[in-house]
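Contents: one structure, followed by commentary.
There are 2 protein chains.
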Amino acid sequence: MSDTQVPPNAAPVKAEAKADPRSPFPNPNQQTAKKLAQTVERATQVFADRGLRFTKLRQQVFAEIAATHASIGAYEILARLGEKGTRVAPISIYRAIDALLDAGVIHRLESKNAFFACRRTDHTVKGKRPIFLSCEKCGAVGEVDGQHIFDLIGEAAKGAKFNPRVKFVEVSGFCPRCATGET
Amino acid sequence: MSDTQVPPNAAPVKAEAKADPRSPFPNPNQQTAKKLAQTVERATQVFADRGLRFTKLRQQVFAEIAATHASIGAYEILARLGEKGTRVAPISIYRAIDALLDAGVIHRLESKNAFFACRRTDHTVKGKRPIFLSCEKCGAVGEVDGQHIFDLIGEAAKGAKFNPRVKFVEVSGFCPRCATGET
DNA sequence: CGCGCAATCGTTATATTATAACGCTTGCAG
DNA sequence: CTGCAAGCGTTATAATATAACGATTGCGCG
Ligand SMILES: [Zn+2]
Ligand SMILES: [Zn+2]
Ligand SMILES: [Zn+2]
Ligand SMILES: [Zn+2]
Numbered sequence: 001m002s003d004t005q006v007p008p009n010a011a012p013v014k015a016e017a018k019a020d021p022r023s024p025f026p027n028p029n030q031q032t033a034k035k036l037a038q039t040v041e042r043a044t045q046v047f048a049d050r051g052l053r054f055t056k057l058r059q060q061v062f063a064e065i066a067a068t069h070a071s072i073g074a075y076e077i078l079a080r081l082g083e084k085g086t087r088v089a090p091i092s093i094y095r096a097i098d099a100l101l102d103a104g105v106i107h108r109l110e111s112k113n114a115f116f117a118c119r120r121t122d123h124t125v126k127g128k129r130p131i132f133l134s135c136e137k138c139g140a141v142g143e144v145d146g147q148h149i150f151d152l153i154g155e156a157a158k159g160a161k162f163n164p165r166v167k168f169v170e171v172s173g174f175c176p177r178c179a180t181g182e183t
Numbered sequence: 001m002s003d004t005q006v007p008p009n010a011a012p013v014k015a016e017a018k019a020d021p022r023s024p025f026p027n028p029n030q031q032t033a034k035k036l037a038q039t040v041e042r043a044t045q046v047f048a049d050r051g052l053r054f055t056k057l058r059q060q061v062f063a064e065i066a067a068t069h070a071s072i073g074a075y076e077i078l079a080r081l082g083e084k085g086t087r088v089a090p091i092s093i094y095r096a097i098d099a100l101l102d103a104g105v106i107h108r109l110e111s112k113n114a115f116f117a118c119r120r121t122d123h124t125v126k127g128k129r130p131i132f133l134s135c136e137k138c139g140a141v142g143e144v145d146g147q148h149i150f151d152l153i154g155e156a157a158k159g160a161k162f163n164p165r166v167k168f169v170e171v172s173g174f175c176p177r178c179a180t181g182e183t
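As structure tokens, this is what we get:
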């Protein structure tokens, strides 16, 4: 199941080139090393601010996750690090993932048992919860603000005398670059 | 994890007896053999109406799922059927589950990799999608209508030029009978 | 009725995701 | 510089899910 490969050729089509880089689905071909470095830098900052240790392994795991806009499974991370010479046990990957989740720099996609890098700044600081949009074709995951929706879900739950603690909203479908009914 | 067994005797306690049976969280002690039979009967009807085969194994698997208001994992079903003398391979359980999901008589709880019986009639006929409320203490799962919320999620997705296909909303928390901060 | 096809199921094996247990190392507060 | 908690290595195993292939069964149709 090696999905989400970015076709290494993929010369950016003109129409795509203008995609707003602040869209939840920026053109991944525009993911430069520099942008990745910025993302890592932001994570570093989050760890520092919260007095957590952004260890080498955590950095490596985060870098693998952030290297793609798609979601990625723990064992895929394991394999990619392995190719780069970092051989660790699954448990180590999961421990790093747990720390990254706690820090809020990655999210877990429940419907795929996979993880992706958070590219927003507005909800690591809580109070602005996102909903996840996962592309069935290319695997890309985008986040859009869903605070209003989460509020309504909370109300619906309370209407059933249910006391909500954690809410999940995930959407599977097709991202802008993979179109709709396209084969 | 043998939770939520319905004590076959279960004399209804007075204080609990007044819970509205149409609530998403009816008192499971009131789950009589008769009610279970009704639930199975409803599933039978759905299969008949849609020209699908409600085979013996599917009935058995459905009965196990419907025997509790909690969600239940595939291997837990496997074990319970085993205790009753029906020894099958995991794949057979999963095949039955797939058929039950297709028929809409059970749902999958993505956040727990588990399944629960649908006890509503209004969304097996589509157009009235439910959100799932899963209790962290007793495991009970309730459904409440969420069509409005799903509509908003669809709009949020389209706002990001994302074409939604499948959506889910799950809430983890505490059901009315397990209270809030209660130890 | 009996043929033939598709759906179902059995059987075996394996893939994928995740955690338990225990001890060593390391960073750092005091 | 010592002692403790966090992090990590190592080994083993649990929990969830699917692949492959052949046998059986239900059932429409000639
Ligand atoms: Zn995020
Ligand atoms: Zn896509
Ligand atoms: Zn339902
Ligand atoms: Zn409960």
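Protein chains in written order, with this note's numbering: chain A, 1 to 183; chain B, 1 to 183.
Even glycine gets a Cβ: it sits at the ideal position worked out from N, Cα and C.
Cβ of A/H69 within 7 Å of any heavy atom in ligand 1? Result no, Cβ not under 7 Å from ligand 1.
B/L109 by DSSP, collapsed to three states: which one? The answer is strand: DSSP assigns B/L109 an E or B state.
When the Cα atoms are used, what is the spatial distance from A/N29 to A/C138? Looking at the two C-alpha atoms, the distance is approximately 13 Å.
Between the CA atoms of A/K167 and B/A134 - distance to the nearest angstrom: The residue you asked about is not Ala; residue 134 of chain B is Ser in the sequence shown. C-alpha separation (whole angstroms): 10 Å.
Is B/F174 near ligand 4, in the sense that its beta carbon is under 7 Å from a heavy atom of that ligand? Within 7 Å of the C-beta of B/F174 there is at least one heavy atom belonging to ligand 4.
Is any non-hydrogen atom of ligand 1 found closer than 7 Å to the C-beta of A/R120, if you look at the structure I gave you? At least one heavy atom of ligand 1 sits closer than 7 Å to the Cβ of A/R120.
beta-carbon B/C135 near ligand 4 non-hydrogen atom, thresh 7 Å: Yes, since a heavy atom of ligand 4 falls inside the 7 Å radius drawn around the Cβ of B/C135.
In chain order, what residues of the same chain have a beta carbon less than 6 Å from the beta carbon of A/F54, not counting five sequence neighbours either side? Excluding sequence neighbours, A/F54 sits near T44, F47.
Close-in-space but distant-in-sequence residues of the same chain around A/A63 (CB under 8 Å, 5 per side omitted): The residues are L36, V40.
Report the start-end ranges of each beta strand (DSSP E) in the stretch 6-89 of chain A that is 3 residues or longer and not cut off at the edges. Uninterrupted beta strand (DSSP E) stretches at least 3 residues long and entirely within the stretch 6-89 of chain A do not occur.
Less than 7 Å between the CB of B/E110 and some heavy atom of ligand 3, yes or no? B/E110: no, Cβ never under 7 Å from ligand 3.
Strictly below 9 Å CB to CB, what residues from chain B border A/L133? The contacting residues are A156, A157, A160, F162, P164.
Quick check: the Cα distance between A/D145 and B/E83, rounded to an integer number of angstroms? Computed Cα separation, rounded: 48 Å.
What does a CB cutoff of less than 8 Å around A/K112 pick up in its chain, not counting 5 residues either side in sequence? Excluding positions up to five away in sequence, the list reads S71, G73, S134.
Whose Cβ in chain A lies nearer than 7 Å to the Cβ of B/S71? Residues of chain A passing the Cβ test: none, with the nearest at roughly 13 Å.
Could you check whether the Cβ of A/P176 sits closer than 8 Å to any Cβ belonging to chain B? At least one CB atom of chain B sits nearer than 8 Å to the CB of A/P176.
Closest by C-alpha distance to B/I93, when choosing among B/A160, B/E143, B/P176, B/E76: The shortest CA-to-CA distance from B/I93 to any of B/A160, B/E143, B/P176, B/E76 is the one to B/E76.
Interface residues of chain B facing A/V171 [CB-CB closer than 9 Å]: Ordered by position in chain B, the residues that pass the 9 Å Cβ test against A/V171 are I153, G154, A156, A157, F162, P164, R165, V166, K167, F168.
B/F162 by DSSP, collapsed to three states: which one? Under the three-state reduction of DSSP, B/F162 is assigned to coil, being neither helix nor strand.
Spatial distance of A/F116 from B/E170 (CA atoms): Each residue's alpha carbon lies about 19 Å from the other.
Does any residue of chain B bring its CB to less than 8 Å from the CB of A/P24? Residue contact check for A/P24 against chain B: a CB pair falls below 8 Å.
Is there a Cβ from chain A that is less than 8 Å from the Cβ of B/I65? By this cut-off, B/I65 is not an interface position.
Own chain, CB closer than 8 Å to B/E110, minus 5 neighbours either side, in chain order: Listed in chain order, the non-local C-beta contacts of B/E110 below 8 Å within the same chain comprise F168, E170, local neighbours out to five positions each way being set aside.
Going by the beta-carbon positions, is the gap between B/E143 and B/R108 smaller than 8 Å? Between B/E143 and B/R108, the CB-CB gap reaches or exceeds 8 Å.
Spatial neighbours of B/L100 within its chain, please: C-beta separation below 6 Å, excluding the five flanking residues on both sides. Around B/L100: F62, I106.
Candidates A/D98, A/A179, A/A160, A/R42: which alpha carbon is nearest A/R58's? With distances taken between CA atoms, A/R58 lies nearest to A/D98 out of A/D98, A/A179, A/A160, A/R42.
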